Amino acid sequence: MRYSQIPKGLFIRNRKKLAGRLERNSVAIVHSNDQMLRNGDQFFPYRQNSDFFYLSGIEQEMSVLLLCPDHPDIDRQAILFIRQPDAKMETWEGKKLEKKMAKEISGIMNIQWLENFESISRELILESEHIYCASHELIKFRPEHSSRDERYLTKLKKDFPLHELKRLSPILTELRLVKEPEEQALILKAVEITKSGFKRLLSFVEPGQKEYDVEAELTSEFIHQGATGHAYAPIIASGENACSLHYITNDQVCRDGDLLLMDFGAEYANYAADCSRTIPVNGRFTKRQKDLYNANLRVFRQARALIKPGTTIDKINKEVGKIWEEEHIRLGLYSTRDRQKQSKDDPLYMKYFLHGSSHFLGLDVHDVGSKQEILKPGMILTCEPGIYIPAEKTGIRLENDIMVTSEGNTDLMKEVPIESEEIEELMRR
Ligand code: GLY
Ligand code: MN
Ligand code: MN
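Quick note on numbering: numbering that gives the first Met the number 0 labels position 305 of the sequence shown as 304, and the sequence is numbered without any gaps.
Shown next as structure tokens:
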């Protein structure tokens, strides 16, 4: 575990914002993530529950946060429970949090050992009317495993059947969507590291390299620069592999004449960057590749201009689809006549542009927030148009991270080379 240097003021402010959104006389309880078993006695690398991290800054497993903002005793308004370190545990797993350190990171004055959670929470719950709980609220799917929060919820329902249970997720989603200045700075740092990774690749990629050689260069740069690693499994897809949107096998040879689509982002202090670039393996785009690339770049610019306060990702997606239609027709993928005849439910552009143009970014690469969310200053989202033509064994995507401002937006990745000529020039050197 590596403790980030985030000032505790961020977490104190985050808890205060949440407290302002709870009904009077409530407790809110959030658990850390489980350690996930890999096989045998090995665990996957630990990653904290983003909601829990947002409210506490604590990266340690088996921790619980209890908020009781209206409590007359100030020491009971926020309590953090952590496991009590013992010498044997520390010999095997390394240093665990002491109370003093947990206080310094989180700004929470009352730190308790986990074994006291049952009795203290019981007392506070019985003094309160509402219990706010966190749970997985993914629209796309329901995970097969339950989180510590969800297992705790089952117990709560049994132990306190007459209390009113309330959902924390919608409130935390709303809060997490607008990034505080400290969060913006951390995302910018992740972006900076991601940019260094890309620049390193421009002088590395050449025909004959394996996709995993490229991945190794990126990983090396990220780790050297203090990132915790990748914010998601990087996609290093040469040639037709780029047409599989979530290709992460990364084990093929990068061939002369092919394009290489790379979707990669560093994670810094638990905050993500998300970037895509597509480059010619041999350093020179062919005429057709450049036409496709420049079409994608034009769509990127127009899509970026759509990101501003008051709109939604849903609306942006629809607009970007229409912009792509013009470009697809210009590229000869279908005709104006085909467009006139197309089905409204299955538009032609979707054959070549198969995903959305934007998603929110933050503690998670696909951060909380729905496509119907009204954009506000301080929100950060991606802009990532792409074109995928299996018949031409080609896929291209360009992706930058964009922050909504009161005037429109600012491109956090404006310094990551994107012009086709600039890429060729940097690859020549
Ligand atoms: N890296 C995943 C995405 O671009 O959404
Ligand atoms: Mn993305
Ligand atoms: Mn991406």
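C-beta: ideal position from N, C-alpha, C; glycine also. Here the structure is a predicted model, which means the values were calculated and not measured.
Proximity winner among the options, relative to residue i (alpha-carbon distances)
i, options, result
"L70", "V63, K413, A101 and R23", "A small correction: the amino acid at residue 70 is His; Leu does not occupy that position in the sequence shown. Considering only alpha carbons, the answer is R23."
"L113", "L244, H30 and A302", "H30"
"L217", "G207, E205 and K198", "K198"
"I107", "H162, S134, I11 and I322", "I11"
"T172", "I138, M88, L161 and A189", "I138"
"N269", "D50, K317, R283 and L66", "D50"
"E136", "D148, A101, Q34 and L360", "D148"
"E122", "A101, L96 and Q76", "Q76"
"P160", "R150, I130, S134 and L167", "I130"
"K375", "H327, V252 and R175", "R175"
"E220", "E163, E128 and L201", "L201"
"P68", "I306, S25, N240 and F52", "S25"
"I73", "N109, S275 and F359", "N109"
"Y267", "E97, M349 and L360", "L360"
"F203", "N240, Q339, C253 and L187", "C253"
"L79", "M88, K94, G93 and S105", "S105"
"K102", "G19, H245 and S55", "S55"
"I170", "K94, N38, P416 and L17", "L17"
"G207", "S237, D363 and S195", "S237"
"R329", "D344, H358 and N293", "N293"
"I5", "G39, K188, S342 and S419", "K188"
"T285", "L167, V364, S419 and V415", "S419"
"A133", "P142, D250, K165 and L125", "K165"
"A272", "S195, Q251 and K350", "S195"
"T248", "G264, A265 and Y211", "Y211"
"T311", "K340, K343 and H358", "H358"
"L167", "K314, V364 and G19", "G19"
Status (buried if at least 16 other CB within 10 Å, exposed otherwise) for residue i
i, result
"D85", "exposed"
"L64", "buried"
"M412", "buried"
"Q288", "buried"
"R427", "exposed"
"T153", "exposed"
"E60", "buried"
"A304", "exposed"
"E117", "exposed"
"P389", "exposed"
"Q47", "buried"
"N115", "exposed"
"L353", "exposed"
"W91", "exposed"
"P44", "exposed"
"T193", "buried"
"H144", "exposed"
"G368", "buried"
"S334", "exposed"
"N487", "Past the boundaries of the shown model lies residue 487; the chain is included only from 0 to 428, so the question cannot be answered."
"E128", "exposed"
"N240", "buried"
"P233", "buried"
"E414", "exposed"
"S356", "buried"
"F424", "The amino acid occupying residue 424 in the given sequence is Glu; Phe does not appear at that position. E424 comes out exposed."
"N38", "exposed"
"H327", "buried"
"E214", "buried"
"F52", "buried"
Residue span of the alpha helix (DSSP H) that contains residue i, given as start and end
i, result
"E266", "Where E266 is concerned, there is no enclosing alpha helix (DSSP H), although the beta strand (DSSP E) it sits in stretches over A265 to Y267."
"T279", "Correcting the residue identity first, residue 279 is Pro in this sequence and not Thr. It is not in any alpha helix (DSSP H) - P279 instead sits in the beta strand (DSSP E) that spans C274 to P279."
"R428", "No alpha helix (DSSP H) holds R428; DSSP gives it neither H nor E."
"I170", "S168 to L176"
"T381", "Not the alpha helix (DSSP H): T381 falls in the beta strand (DSSP E), residues I379 to C382."
"L291", "K286 to A304"
"G196", "P180 to L201"
"S55", "S49 to S55"
"T335", "T335 to K340"
"R12", "K7 to A18"
"L320", "Correcting the residue type first, residue 320 is Gly in the shown sequence and not Leu. First-last of the alpha helix (DSSP H) with G320: I312 to R329."
Residue i - containing beta strand (DSSP E), residue span
i, result
"Y387", "G385 to I388"
"A77", "A77 to I81"
"G407", "G407 to D410"
"I235", "I234 to S237"
Short CB-CB distance (under 9 Å) between residue i and chain C
i, result
"R75", "This model lacks chain C altogether; it includes just one protein chain."
**Request:** Would you be able to state if there are at least three C-beta pairs under 8 Å between the region 213-230 and the region 369-382?
**Result:** Because the criterion of three Cβ pairs below 8 Å is not met, the region 369-382 and the region 213-230 do not touch.
**Prompt:** Touching or not, the region 246-262 and the region 273-293, by the rule of three or more beta carbon pairs under 8 Å?
**Reply:** Yes, the region 246-262 touches the region 273-293.
**Asked** Are at least three pairs of beta-carbons, each pair with one atom in the region 395-409 and one in the region 177-194, less than 8 Å apart?
**Response** A contact is defined here as three or more CB-CB pairs under 8 Å, and the region 395-409 meets this definition with respect to the region 177-194.
**Request:** Measuring from each Cβ to the nearest heavy atom of ligand 4, keep the ones under 6 Å and list them in chain order.
**Result:** For ligand 4, the structure offers nothing, since it holds only ligand 1, ligand 2 and ligand 3.
**Asked** Given 8 Å as the limit, is there contact between the region 289-302 and the region 318-328, that is, 3 or more CB pairs closer than that?
**Response** Contact between the region 289-302 and the region 318-328 is established, with three or more Cβ pairs separated by less than 8 Å.
**Asked** Curious, which full-length beta strand (DSSP E) runs of at least 3 residues does the region 118-171 contain?
**Response** Listed in chain order, the beta strand (DSSP E) elements of length 3 or more contained wholly in the region 118-171 are 129-132 and 163-166.
**Request:** Any chance you could list the beta strand (DSSP E) runs of at least 3 consecutive residues sitting entirely within the region 213-263, in chain order?
**Result:** Counting only runs of 3 or more, we get 234-237 and 258-263.
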